[in-house]
Structure formats: C-alpha cells, structure tokens
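According to the UniProt record's numbering, the sequence shown is numbered sequentially starting from 1.
Beneath this line is the structure, given in structure tokens, with notes to follow.
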Amino acid sequence: MRPLGTAAATSFLATLLLFLHLTASFPSNDMSNLSNCNHNLSCGSLTDITHPFTGAQRPPDCGPQEFQLTCNIVDSVTTFMFKSLPYQVTRVNQTSQTLRLSRLDFYDDLPCTHLSSSTTFDNDIFSLGSNNKNLTLFYGCKNLGGFVEEKFKFSCPVPGDLEEGFFKVGDPSGLPSTGWCRTSFQVPFLRSKAHQLEAEGSSLLGEVLREGFDVRYSDPYSADCQTCSKHSGTQCGFDAKPICICNDLLCPVPGPGVSLASGAVLVIFVGCWITVVKQVKKRKSALVQSQGLPVVTPTSTNFFRATPSLANLKSDLDKGSTYLGVRVFSYNELEEATNCFDSSKELGDGGFGTVYYG
C-alpha cells in the first residue's frame, strides 16, 4: 500500500474531523425542519401557550409527550388526556404552572357519566392543587330514604328508566359502602365553591363540575432545557430527550459521548501526523543516500569534520560563491545583512532554522 502524502493525509484528517462534528451535532433521526416550534399554542380562549406544551400550531416534537394538548377545530375546545380520562383545559397559567381542568365525560349538563373512575393526579409531573376539595358521586342507588337530603340527589337517564344518585362534599365516611349504590367515585372541585354547593345542592352540581379544578404541573426536563439558553433565540424541543432548536434546525450541541469521540479522533490525528512526518524524513534520507551523501544530523558538532566533501562545501559557503547555480552568501555577509542576527529581523522558522530578512 502506498503511504499517504502530507497533503492527502491532511485532507483525510480534515474530512474525519468534519464528519465527527456533523454526527455529534445532530440526533440520528435526521429531524430537519422544526420551524413551528417557535410558534405559540392558541386554541379558543387559550392563547400564547409555550413550552413544554404542544398541540395545534406546535408539533409533538416541540415538547414532552406528557404535555400534549389537542385542539378541536370545530368548537375550539382544548382537551387533555390523563390516565385514559378526557379533560377540557379551560385555563393555563405558565407563571404559577397550573392548569384548570374539567372532566369531559359528564353529559347533558348533569353529573352523569358512563365512566366510573376517580380523578387522580398523583405523579411527579401532575398533582392536585391545594385549592381543591373532593366530592363523592354515587350512582345506581336504591332505597336512599332518609340517609340523604333531597337537595343532594340527582337522576341520570339509563335505557328505559332513570337512575338515582347523590353526592357528598368531603369525606364520604358514615355512609354504607355497598349494597345500596351501583358504584361511586371521587372528583375534585374548587374549594371556593364548597359552601355554595352544600347550600344549593344538586342544582349547582353540573356548573361546579364544568368549572373544574386546578392541577399543578412540573416539567422534569426544565433543567436540561436551560442549556439551550446559551444560543440566541433558541427553542427547547423534545426527541426522547430535550433538544435545542436554533431557528428551524437543531443546534449543534454535542452530547456527553462527543468528548470521548473527540479524544479518539485526536489520538488518531496525532498518530497519523507522526506517521506522515516519519515518512517525509525517510524520503529525505533516501534522497540524500541516493546522491552518495551520508545521513547526518544538522546539530552534530562534528558535522563538517566527519564529511570531507561537505567540508569543502562549507569552505565555499564561507567564501561566498554559487552552488548548483544558486547564489550563496558567506557567513560574514549574512551576519552583516541581519545586523548580527537581530531578533527584530526574524521572519519565522524554516525547515533548517530561523529565517531573517536583510
């Protein structure tokens, strides 16, 4: 195999470094256009909603999946799914990081539903706000008698009949748990409505359920997104993990593995360069030997003594003449022209030492 020349080796190494930069700067899924991530989400009464939420004008790649909202373009209602239950989003406060939600499974402005799951927000991302209070809804009840006041009772239509139910604000303890109602579950509502609801009863229940309750949220990736702030005008997106978006493309932000890759390339670079330098020295040595001249080191104190033919050359150089058709200056001439090799006349370093002008 023919060894690489200096220019070829340099070109190869430059190409390798460029390839490393490109592969380190962008994820493997080749997301090429993220221009919509600089848009805010607006749907109906909700406007200017930004990261971490996605939906409507903001594609899913602009934020974590947990914060995906859906805008119904027909009635401009924003919905949110959590634990398989649908909720309507009526308010988003990104300063206090709260959502105002109401269950969408209640119908006909009544506390009637085909679902019987309690509303719970109890993970690291979503939790119920402290300004809520629970109420318990009971369905398919019989023989309520004097257990429940009339104002707390309601009816829900079922095929061919009406199903009786009731609600209780707060702790449902003290009521029979089985045998007299088909099912029951809990729903939060705003604490500020508690006294009014207990006073007016079921006539206000539908309105209270539609008004909803507050949920606190926390973006678990916010610290990672803060690294994007060093880029001017950067948006934070999401692709299995937070990504930084510059204009409509991914910012060249290396990941943790890039440092190791860069180190490996540096080692390869140094190794290749040493190999090239050695090849160049071998070629020069071979060239000198092919001309019948011994290979010597320029720093040897016996350089001219050990080589008679070169000693004659030194004599010619000292006298000042021509060598192979090229004008050769004597040492005295060089010393005078450079003002005794004054450092202010240095131009730089050449292949055989310092270069002066004079």
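Beta carbons: idealized from backbone N, C-alpha and C, even for Gly.
Membership of Tyr331 in the alpha helix (DSSP H) is indicated by the continuous run 331-337. Per the Cβ contact rule, the stretch 54-64 is not in contact with the stretch 86-101 (fewer than 3 Cβ pairs under 8 Å). For Asp48, the enclosing beta strand (DSSP E) begins and ends at 46-49.
In this model, Thr95 and Gly140 are separated by some 42 Å (Cα to Cα). Here Cys340 is exposed. Its C-beta has fewer than 16 other C-beta atoms within 10 Å. Excluding residues up to 5 positions away in sequence, Leu41, Ser42, Cys43, Cys71 lie with their Cβ nearer than 7 Å to the Cβ of Ala56 in the same chain.
Residue environment analysis places Tyr357 among the exposed positions, since fewer than 16 neighbouring C-beta atoms fall within 10 angstroms of its C-beta. Only residues of its own chain outside the window of five on either side were considered, and among them none has a CB closer than 8 Å to the CB of Lys230. With respect to the C-alpha of Asp214, the residue from Leu334, Leu197, Val158, Arg91 having the closest C-alpha is Arg91. If you look at Glu163, you'll find it in the beta strand (DSSP E) that goes 161-169. Here Lys153 has Phe166 as same chain residues with Cβ atoms under 6 Å from its own Cβ, once five neighbours each way along the sequence are excluded. In the DSSP assignment, Gln186 falls within the beta strand (DSSP E) that extends over 183-190. Rounded to whole angstroms, Leu197 and Ser127 show a C-alpha spacing of 24 Å.
Rounded to the nearest angstrom, the gap between the Cα atoms of Gly212 and Gly206 is 10 Å.
By the Cβ test, the stretch 143-153 is not in contact with the stretch 114-133, since fewer than three Cβ pairs between them sit closer than 8 Å. The shortest C-alpha to C-alpha distance from Thr113 to any of Phe121, Leu104, Thr120 is the one to Leu104. Membership of Val89 in the beta strand (DSSP E) is indicated by the continuous run 85-93. DSSP places Asn134 in the strand class (E or B) of the three-state scheme.
In chain order, Gln235 place their CB closer than 7 Å to the CB of Asn38, counting only its own chain and leaving out the 5 sequence neighbours on each side. The beta carbon of Leu110 sits closer than 6 Å to the beta carbons of Gly206 from its chain, once the five residues preceding and following it are set aside; these are given in chain order.
Apart from the 5 residues on each side of it in sequence, Ser117 sits with its Cβ closer than 8 Å to the Cβ of Lys83, Ser84, Leu85, Phe185 in its chain, given in chain order. For Val74, there is no enclosing beta strand (DSSP E), as DSSP marks it with neither H nor E. Put simply, of Ala240, Thr47, Pro64 the residue whose alpha carbon is nearest the alpha carbon of Thr54 is Pro64. Around the beta carbon of Ile243, 16 or more other beta carbons lie within 10 angstroms, which makes this residue buried.
A direct Cα-Cα distance of roughly 12 Å separates Gly237 from Thr227.
Judged by DSSP secondary structure, Cys43 falls outside any alpha helix (DSSP H) and instead within the beta strand (DSSP E) spanning 41-43. By the neighbour-count definition (other C-beta atoms within 10 Å, threshold 16), Val74 is an exposed residue. For Arg210, the CB contacts under 7 Å within the same chain, skipping 5 residues up- and downstream, are Ser102 in chain order.
Residue pairing for Gln235: DSSP places it in a beta bridge opposite Ile245.
Collapsing the DSSP output to three states places Phe82 in a strand.
In the DSSP assignment, Cys112 falls outside any beta strand (DSSP E), carrying neither H nor E. For Leu209, the uninterrupted alpha helix (DSSP H) run begins and ends at 205-211, by DSSP.
Lys193 is bridged by DSSP to nothing; it lacks a bridge partner. As DSSP reads the structure, Phe126 sits in a beta bridge with Tyr217.
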